[in-house]
Structures are given as C-alpha cells and as structure tokens.
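*Asks:* Structure provided below as structure tokens; questions to follow.
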Amino acid sequence: MSESIVKNIDVNSKENFIPKNIGLNTEEDLLFRKSRTGSCGVDLPEIADFKLKIAGKKREKIGLPELTEPDVIGHFVNLSTENYSIDKGFYPLGSCTMKHNPRLNEKVARFSGFANIHPLQDQSTIQGALELMYELQNWLSIMTGLHAACLAPAAGAQGELAGILTIRAALTAKGDARKIILIPDSAHGTNPATAATCGYQIKVIPSNKKTGEVDFDEFKKLVAEYDRDIAAIMLTNPNTCGKFESKVKDIADIIHGIGAYFYCDGANYNAIVGKIKPADIGVDVMHFNLHKTFSTPHGGGGPGCGPIAVSKELADFTPSPIVVKEGDQYKIADPKYTVGKIKGFHGQFGMMVRALSYMMSHGADGLKQVAEDAVLSANYVLTKLRDHYNVPFEGFCMHECLLNDKLQKEKGVTTLDIAKALVEYGMHPMTVFFPLVTPGAMLIEPTETENKTVIDNFIETMIYIAKEVKNDSGDKFHSYPISTPRRRMDEVRAAKNTILTFDQLNLQD
Amino acid sequence: MRYLALTKLEREQMKQDIGINHIDELYAGAPKESILTQKIERLPDHQGEIEVESYLRKLSEKNKPATSQPFFLGVGCYNHHVPSAVDHLIQRSEFLTAYTPYQPEISQGTLKTIFQFQTIISRLTGMEVANASLYDGATGLAEAALMAVRIKRNKKKIAILGEINSNYLEVLKTYTDLAEIELTSENEIDDQTAAVITAYPDFYGNVTDLDAVRKKADEVDALMIVSITEILSLGLLEEPKMADIVTGEAASIGVGMNFGGPHLGFFACLKKYVRQIPGRICGATVDQDGKESFVLTLNAREQHIRRDKATSNICSNQGLCAVAFTIHAFLLGEIGFKNLALLNHQKACKLSDILSKIAGIEVLNDSFFNEFTIKLPKDVKEISKKLLERNIISGLALDNNLMIMAVTELTSDKDMKILAENLKEIL
Chain A
1 MSESIVKNID
11 VNSKENFIPK
21 NIGLNTEEDL
31 LFRKSRTGSC
41 GVDLPEIADF
51 KLKIAGKKRE
61 KIGLPELTEP
71 DVIGHFVNLS
81 TENYSIDKGF
91 YPLGSCTMKH
101 NPRLNEKVAR
111 FSGFANIHPL
121 QDQSTIQGAL
131 ELMYELQNWL
141 SIMTGLHAAC
151 LAPAAGAQGE
161 LAGILTIRAA
171 LTAKGDARKI
181 ILIPDSAHGT
191 NPATAATCGY
201 QIKVIPSNKK
211 TGEVDFDEFK
221 KLVAEYDRDI
231 AAIMLTNPNT
241 CGKFESKVKD
251 IADIIHGIGA
261 YFYCDGANYN
271 AIVGKIKPAD
281 IGVDVMHFNL
291 HKTFSTPHGG
301 GGPGCGPIAV
311 SKELADFTPS
321 PIVVKEGDQY
331 KIADPKYTVG
341 KIKGFHGQFG
351 MMVRALSYMM
361 SHGADGLKQV
371 AEDAVLSANY
381 VLTKLRDHYN
391 VPFEGFCMHE
401 CLLNDKLQKE
411 KGVTTLDIAK
421 ALVEYGMHPM
431 TVFFPLVTPG
441 AMLIEPTETE
451 NKTVIDNFIE
461 TMIYIAKEVK
471 NDSGDKFHSY
481 PISTPRRRMD
491 EVRAAKNTIL
501 TFDQLNLQD
Chain B
510 MRYLALTKLE
520 REQMKQDIGI
530 NHIDELYAGA
540 PKESILTQKI
550 ERLPDHQGEI
560 EVESYLRKLS
570 EKNKPATSQP
580 FFLGVGCYNH
590 HVPSAVDHLI
600 QRSEFLTAYT
610 PYQPEISQGT
620 LKTIFQFQTI
630 ISRLTGMEVA
640 NASLYDGATG
650 LAEAALMAVR
660 IKRNKKKIAI
670 LGEINSNYLE
680 VLKTYTDLAE
690 IELTSENEID
700 DQTAAVITAY
710 PDFYGNVTDL
720 DAVRKKADEV
730 DALMIVSITE
740 ILSLGLLEEP
750 KMADIVTGEA
760 ASIGVGMNFG
770 GPHLGFFACL
780 KKYVRQIPGR
790 ICGATVDQDG
800 KESFVLTLNA
810 REQHIRRDKA
820 TSNICSNQGL
830 CAVAFTIHAF
840 LLGEIGFKNL
850 ALLNHQKACK
860 LSDILSKIAG
870 IEVLNDSFFN
880 EFTIKLPKDV
890 KEISKKLLER
900 NIISGLALDN
910 NLMIMAVTEL
920 TSDKDMKILA
930 ENLKEIL
C-alpha cells in the first residue's frame, strides 16, 4: 500500500524478507497498512434502501482501513507491549504523582447508572450522580479547610483557569480590576500560560539559589513595586524543587494585605493531603489533580479532572455548575455571580467517581498515611543518593527530591543520558530538565504505592550509573537505550519536517 | 490500607536511615501549627473494597441509565453502543497507567495510537492535520476562536452563523470574554471579523450549507470554523473540507456518555496553521537506527516550553478517550463507519416519519442526520415530564414548544412505537 519514511523498508516487498519479530518483541505496523478490503469488525443490520434526508451529497470515501475484530485486538495488544506503565514498574515522574491506579475505581465508574446517563436528563433521574458530586465537593472542602468546591474543570490547567477566573471576577465585582499575577520561576508552565489566557501580565519571582524556595526579599520588592496592581500570586506548595515554602504564611499575609489572593497550584498536594489543610496556610483557592493525588489513571495523557476549592469570599464566583442540596434533593446550580461555563456539561464525571472511590478507600486515616509515606520515600531516596549526585538545595524534601547532573556532567554525562540509562535498565525516568531553576534537573517522586524493594532497586541503579560515570565507563550511556522497541529519536527532524498523519507519511520518499 | 506499599518495619528502617525519629521532622519547612496532629475530622476512616463498592453501587442505582427505558436525548451527547473490545483494550495497564509519552523509546504504543487517531480525524474532517485531542467539543470550539484571532492578528470579532449548541456557546463566551473577543451574529460580519463559526449539523439538527458559509467568510477574509457535536455524522455527510478549522466532539465513537464527561474533543485544520494549534501533536520521525518512529512534536507551541506565550494552557488532554475512539473507529473501518452512520440516519428518518403523522406534531427539519426538532402544540416541558412518568426519556425540551429528538443505533422500533403511542395519548 505504501512506503515507509525509512527508505530501506519497503513494506510490501516479499523479496529480501527478514523476520522483524524476535521472541516476544513484535514489530507492530500501523493499521493503515494492514487493510484487507471487505473486512469489518462490527456486524450491523442490513439497511433497506430509503430516501435520505440530508442536504447535499452523501459522503464518498473516508479512508479508514478495513479490518476484523481479531485484527484490531491483535494490533492494540501488540502496540501495548511497546509502552511502559505504572503496573510494569517504577515510574518516579516528579510532580506527576504516578501512583497505583486501583481497579475498583475502574469497576465502579463503569456501573451502568454512572456510565450510561446523559447530562441533560431530568434531575430526578440522576440523583445518585448529583449526590456523588455533592459528596466529592464535601470531601475536597473538608480536606482543604476551604469553604466550597467546584468540579467543572477538565484537568489541572483548567483548574488553574477556573481559579484565576474566580479571582478576577471577585476583584471585578469590587470594581478593582488588577493587571498582574506573581509566579515563581520554578512554576509549572501552565501557570504563566493560564495567567496570560486570563489577560494578566506575569511578574516572575526568582527562587532563592540556596533553599529552592521563593526568594522572599524579591517577592517583597515586587509587592512594593506593583502593590495594588497585583491580583494574585500563583504558588505551588510544596514547590517543584520539592520544598515546602517555609514563608508561606508570611507570603499569604502580604498578599492579603494588598487585597490580592493566594492561588495554590495543587499539583503537589500528595505531600500534604490529610496532613495540612491549605486553608490553614492562607490559601484562597486551590486546584486538585484528581489524576495525581487521587489516583485516577493518567491514560497516556488524560483524561484528567481538575476541581477547585475556594474560600467563602470567592465561593459565589466560581465556574458553573456546582451541586447543591435542598431538603433531600440534589440540584445542579450556578454560583450567584458565576464566571460562566468553562467546559461542556458538568465536568469529567467519570473521573469524579474514581476519585471518590479512592478517597473512601483511604479515609481520613489512610490519606494522612499517603502523605507521610510519600514524603518518607522521597527523603529515603534523597538520603541514599546524596553522596552520588549533586543536591542543589539543602535540607529535607517533601514528596519529591531534586538532584542534578553537576557531578556527572564533568565527565560528559548529562541528565538526558542518565534518564536514557534508566530506560535501558527497565525503569521510567524521573522528570528531567524541570524545574527550570536547576540546570540538568532530575525530579524524583517515588509515591506511597511503591514498596521498599522497588525503591531500593532504583537507588542501586542510580548509584551504579553514578559509579560507572565516575570510573570513566559512562560513555556507553550516550547511546542508551539499546534494548527498547525504539532508540533515541530524531526530534529535530520531527519538528522541522512535520508528518502528522498517515497521508503526510505517504508523501515522503 | 491495601494500596499503601510500606510496612511498619520498613517505615522504621527508612526513618532510621534518614536519621529522624518522627515523620513530622520531615515537615520542618511547614508552619508547625498547620501540621495536623490527628487525622482530619468529619471524614470517615478507610473502608474495604466491599463497602466502597456497595456504597457506590447504591448511588449508581439511584440514576436511570439510558438502557432502562426508551431514550431520545442528544444535543451534544449521544447514546451509542461501544463494542466490548474497546473497553477491554483501554483497560490494559500499558494504555491505562502510562503517562504522557514524553519518553518515546518506551511509549511507541501510545504514540502510534495518537498518530493513527490524528489520521482518522484528518480524513473524517477533510482537514490536513489534527492534534492529539482536547477536553471536549465545547472547549475545542473556544480554542478554535482563540486560534483564529491569533492568526488574523488585529481582528477581534467572531461571527456565529446559525444556531450552535447552547452548551458550546456558553463555554465559547467565557473564553472569548477573557480574550476581549466580540461574538457577533451573521448580520454583523465585517472586516474586523476574524472567523465565522457554524455548526454542522446545527443545534436543531439541520444540515448546514457549508459552501454558503465559506462564501461569507471569504467576503471579509475571515477563517471558517466548523463545530461538530456528532462525529458519526461524517460517515454520511460530506466532509467539511472547505473549512479552515474543524473541531468538535468525538465521544460517540468508543467513549460513551459518562454523564457528559470524560468526552473527547477533536481539533483539525489546514497544515498552514499547524504552528498555531493548541495542545499536543504527535509526529513521525526516525530513531537512531533509522527506524520509523513517533514522537510528540512542535512542542515550542506548548506551555511547558513557551509558558505565557503558549498557544494554549492545556496540558493533560483526553488521551485514553482518543485510544478508545481509535479502537472503535478501526473496528468499524470504512464499511462499518458508513453503515453505522446510515443506520442512525435511517432510524432517525423512521422516527421523524412516525412523529410527523401524529396530529399536532410538526417536524421542523428539511434535512438532518440523527437528530431533528419537533414542534408540539402544548408546553413541551410538561410533555417531557409526562413522558418521564410513563418511563420514557424524551428529547430535550426547549422553551419555545420545541423538542430536539436524537436517535441512534440503540433506538429500537419498539422504543419509537412506545414514544408515539404515549405522545398520542398525552396530546
């Protein structure tokens, strides 16, 4: 049917045949190359001729391949074997909280009464779904000590958007439109992107080079300079350097002193869930990543779910909808001065079911243990690797520890090489080159669901890599990985000569 | 607690290795008074699988799923069948529990799936390129509006032609307000209009004349954005290939209703706009050994690189839903996709015939796909309530005596008969 972008593979050639599959390793080709005319993977009833009621012409060719059910199942089973996943092994992606995804959550989300209901059904027929949302709102507000919660945001970035919109609306209602949002340089990229989407200018607070926390003096300078032009600070706490912001209460007081709000990015909530209530450290609004802290699966990139919890002062301004209880009835409602809708219908309901299942399974006692174990494991890794890797910021860490490649770089081995060596040794690497405040950053988040044997194996592997580099045997890492389905990619080519569909792939010689 | 991995003994050993006596020493950075000494009050303690499952099952049983009675709701969320193979495959750990494919050497499974997803979307819509998904059809439309204004730089108006989904309109308003974009109507198109938006089919189910929309857009050098709430329609209707951006909702294939989320936003456009696309994109390349490979690409548009200059703040998308869609679309294939679309249309035609024969009911559409609007002689909200009392979930009742009826392959002849008989009695 077509040629590959790789000149030496003619996919149809039967001459010069060389077997591509080795043992359990299968080279799985795109299904667009496997079409067999006349095949179909579903059986539908015969349709007698009838008069179409469409304006215009009937669709001619779509361009989908023709396959049977076994073709499709075989394809995706083979594709799956080219993926690494949490269930396979250690996945210490910092600030991503790759914890175990309980299968009970999958089961309950598939109950027909949750999966097969329509968002516009009469509310008397969806009382169970609304009760679930109401319960989840309660869990989130009780856990955080904040007044109310809104479940509408589709993912973390939309939670940020919801939070900043809420703040903006509250300020506008006071006739106090402001222009600026303060964001530390260690923040996740979604923070400045969200602030910009909401029309704000961003002023960057530098991090303290020694502590990895917000530079408090620089923060105060920015506040003095921009004062009541500042709408909010977006602070991730614990931050992406793995540190709890020790001046957080002072920061909150100063921010509140100028009539601005404290937005907390909750990406790292796993370190403090059940252990510290964000309201107690001055947070006005915070988003959650249900796909991080509350174990809904990452699914290779989504779906997420990013509810927010807000203070009493802000509760009337959040996006729609929220669920309220009147007597014994649950109702979909709009907050009094809502900023409107940010997502179709009521949010990522299926993720809410999973998250509540997780929360109930842990309970208040279990959630506290989650935070403590996550922090304990990260500090254990930090302790064991401290002698082998440079630790840019002193002291203990929270639920993730930050190292960099300063020692290994002297021998020409970088964070990228270390990450790829981990891939070769059967693990997913940590988050690399983030946060940007530390050159060659390696951010390691083991989570509470990895046992000590797994963590020890990671530590030993990291020490082995460091020792090899130290003994001048680290050059091999430049060519790693070598035992994976694919090796390092030509990413420049991908960006320069963009091929985004099979049709574009076919145009290549 | 069954998901926690450390034993008591291990915790003690680890504390010893770290050199602390109490876990709270690790929280030394936090204000002391903020650290809870006890577990949070007003929340229950942990529960076993049996208790949690039983509680949630009871909650789910308080709802009336589409399967339990004749069901005619649509308007952006459609009750379609999902083949068993889809749900089985997306629960494989390797798809379910992987992260975004940032390490391509060990993520080719996800990446090849996204690449094929992008290809299917591009072919269905008649566009040259597509991204790896957005949250849903509503946010897809909002992102398209923002993108059009980026492309047309100084123009800050977006015109809506005809009626778009009301839910989409609300989301669009929130986003365009933020960007100080003015939403206008068909009569207000002028040289400040960056793009025209049209729904295909429209809110009431009518099949829009896209050529006329293209002409209007061209008159003022505006982009043409097509919003689609039912992707299955593209198996029967001509692809909107004259558009600049086609975006919409793909949950009908493989994803399901899920009370409105997770759904699956898709986003496709002409290749010349590729660097303005929001969200993740997968591209083909070669690895060190020269083998065909796939990576996330054009990252310089995205928030993790470009921060406040990014094309969108989106990070997580609807990854697993896109996998589900791709599996279902491949199962259907060329033949099945078209037949399923035809079946939906045939059943919708059948219901429209049945209803139009009932005295007092008027079918308003000249054309439609699987959804059409009827006019009733009495308050439709009342009628809808009465139907519900008779165990029928009607179409969406609007304020002006209109009701939008949706039909899918799951609507049986018997369902239609029951609806018709009851409507006759009520009217």
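Chains A and B supply the protein sequences, listed in that same order. Residue numbers for the first sequence follow the working numbering, beginning at 1 and rising by one. Residue numbers for the second sequence follow the working numbering, beginning at 510 and rising by one. Glycine is no exception: its CB is placed at the ideal position from the N, C-alpha and C atoms.
Pick helix, strand or coil for T753/B, following the three-state DSSP scheme.
*Replies:* Just to set this straight, residue 753/B is Asp in the shown sequence, not Thr. If DSSP states are grouped into helix, strand and coil, D753/B belongs with coil.
*Asks:* Could you give the uninterrupted runs of the alpha helix (DSSP H) lying entirely in the region 406-437 of chain A, keeping only those of 4 residues or more?
*Replies:* Taking only runs of at least 4 residues, the alpha helix (DSSP H) segments lying wholly in the region 406-437 of chain A are 406-409 and 415-424.
*Asks:* Grab me the residues of K331/A's own chain with a C-beta within less than 8 Å of its C-beta, minus the 5 sequence neighbours each way, in chain order.
*Replies:* Counting only Cβ-Cβ distances below 8 Å, and skipping sequence neighbours, we find Q123, L130, V323, V324 and K325.
*Asks:* If contacts are defined as beta-carbon pairs under 8 Å, then V716/B and V735/B qualify, I think. What distance do you get, rounded to the angstrom?
*Replies:* About 12 Å separates the two Cβ atoms, so there is no contact after all.
*Asks:* Under three-state DSSP, which class holds L805/B?
*Replies:* Note: L805/B maps to strand in three-state DSSP.
*Asks:* Can a CB atom of chain B be found closer than 8 Å to the CB of I281/A?
*Replies:* Yes, I281/A lies at the interface with chain B (some Cβ there is under 8 Å from its Cβ).
*Asks:* Look at the Cβ atom of K32/A, then the Cβ atom of T806/B, and state whether they are nearer than 8 Å.
*Replies:* The amino acid at residue 32/A is misidentified as Lys; the sequence shows Phe. No, the Cβ-Cβ distance between F32/A and T806/B is not below 8 Å.
*Asks:* Along chain A, in chain order, which residues have C-beta atoms closer than 7 Å to that of Q855/B?
*Replies:* Result: I47 and F50.
*Asks:* At a CB-CB cut-off below 9 Å, which residues of chain A make contact with L513/B?
*Replies:* What L513/B touches in chain A: H362, G366, Q369, V370, D373, E448 and T449.
*Asks:* Please report how far the alpha carbon of E420/A lies from the alpha carbon of D387/A, in whole angstroms.
*Replies:* Position check: residue 420/A holds Lys in this sequence, whereas Glu was assumed. So the alpha carbons of these two residues sit roughly 21 Å apart.
*Asks:* Which of the three DSSP states is assigned to S357/A in this structure?
*Replies:* In the structure shown, S357/A sits in a helix (DSSP, three-state: H, G or I).
*Asks:* What does DSSP give as the partner residues of H287/A in its beta bridges?
*Replies:* Bridge partners of H287/A: D265/A and I308/A.
*Asks:* Around the C-beta of S593/B, are 16 or more other C-beta atoms found within 10 angstroms, so that it is buried, or is it exposed?
*Replies:* Label assigned to S593/B: exposed.
*Asks:* Residue range of the alpha helix (DSSP H) that Y464/A falls in?
*Replies:* K452 to K470 is the span of the alpha helix (DSSP H), which, as asked, contains Y464/A.
*Asks:* Is N105/A near T414/A, with beta carbons less than 8 Å apart?
*Replies:* Cβ atoms of N105/A and T414/A: not closer than 8 Å.
*Asks:* Report the neighbours of G199/A on chain B: residues whose CB is nearer than 9 Å to its CB, in chain order.
*Replies:* Chain B residues near G199/A: L687, A688 and E689.
*Asks:* Provide the residue span of the beta strand (DSSP E) that contains F775/B, from first to last.
*Replies:* Unbroken beta strand (DSSP E) run through F775/B: G774 to C778.
*Asks:* Is the region 630-647 of chain B touching the region 332-344 of chain A, taking contact as three or more C-beta pairs under 8 Å?
*Replies:* These segments touch.
*Asks:* Of all the CB atoms in chain A, is at least one closer than 8 Å to the CB of Q525/B?
*Replies:* No, no contact with chain A.
*Asks:* Could you please tell me which residues of the region 182-206 of chain A, in chain order, have their CB closer than 7 Å to any CB of chain B?
*Replies:* Listed in sequence order: G189, T190, P192, A193, T194, A195, A196, T197, C198, G199 and I202.
*Asks:* Just checking: is the beta-carbon of C150/A within a distance shorter than 8 Å of some beta-carbon in chain B?
*Replies:* It does not; no Cβ of chain B falls within 8 Å.
*Asks:* Quick one: grab the DSSP three-state call for C858/B.
*Replies:* The answer is helix: DSSP assigns C858/B an H, G or I state.
*Asks:* Please list the segments of the alpha helix (DSSP H) lying wholly inside the region 370-410 of chain A, counting only runs of 4 or more residues, in order along the chain.
*Replies:* For the region 370-410 of chain A, whole alpha helix (DSSP H) runs of length 4 or above, ordered along the chain, are 406-409.
*Asks:* Of all Cβ atoms in chain A, is any one closer than 8 Å to the Cβ of I927/B?
*Replies:* Cβ-Cβ to chain A under 8 Å: no for I927/B.
*Asks:* Spatial neighbours of I863/B within its chain, please: C-beta separation below 7 Å, excluding the five flanking residues on both sides.
*Replies:* Excluding sequence neighbours, I863/B sits near M925 and A929.
*Asks:* Under 8 Å between the Cβ atoms of V804/B and G788/B?
*Replies:* Their beta carbons are not under 8 Å apart, which means V804/B does not touch G788/B by this criterion.
*Asks:* Alpha carbon to alpha carbon, how far is K58/A from A267/A? Give it in angstroms, no decimals.
*Replies:* Cα to Cα, the separation comes out at about 48 Å.
*Asks:* State the start and end residues of the unbroken alpha helix (DSSP H) segment that holds K524/B.
*Replies:* Element bounds for K524/B: K517 to I527.
*Asks:* Using a Cβ cut-off of 8 Å (strictly closer), state whether D922/B contacts chain A.
*Replies:* Not an interface residue.
*Asks:* Which residues does DSSP pair with L746/B in a beta bridge?
*Replies:* Answer by DSSP bridge pairing, in chain order: K58/A.
*Asks:* When DSSP labels each residue in this structure, what does S2/A get in the three-state scheme?
*Replies:* Only weak support is given to the placement of S2/A: the predicted model assigns it a pLDDT of 40, under 50, and the question is left unresolved by the model.
*Asks:* With a floor of 4 residues, list each alpha helix (DSSP H) that falls wholly inside the region 610-664 of chain B, ordered by position along the chain.
*Replies:* Those alpha helix (DSSP H) runs which fall completely within the region 610-664 of chain B and span 4+ residues are 617-634 and 646-660.
*Asks:* For the alpha helix (DSSP H) holding A157/A, just list the boundary residues, first then last.
*Replies:* Where A157/A is concerned, the enclosing alpha helix (DSSP H) stretches over G156 to A173.
*Asks:* In terms of DSSP beta bridges, what is D796/B paired with?
*Replies:* M489/A, per the DSSP bridge assignment.
*Asks:* Mind pulling the chain B residues with CB within less than 8 Å of R59/A?
*Replies:* In chain order: L743, G744, L745, L746, E747, E748, K847 and A850.
*Asks:* Could you give the distance in angstroms between the alpha-carbon of H100/A and the alpha-carbon of H291/A?
*Replies:* If I take the Cα positions, the gap works out to 11 Å.
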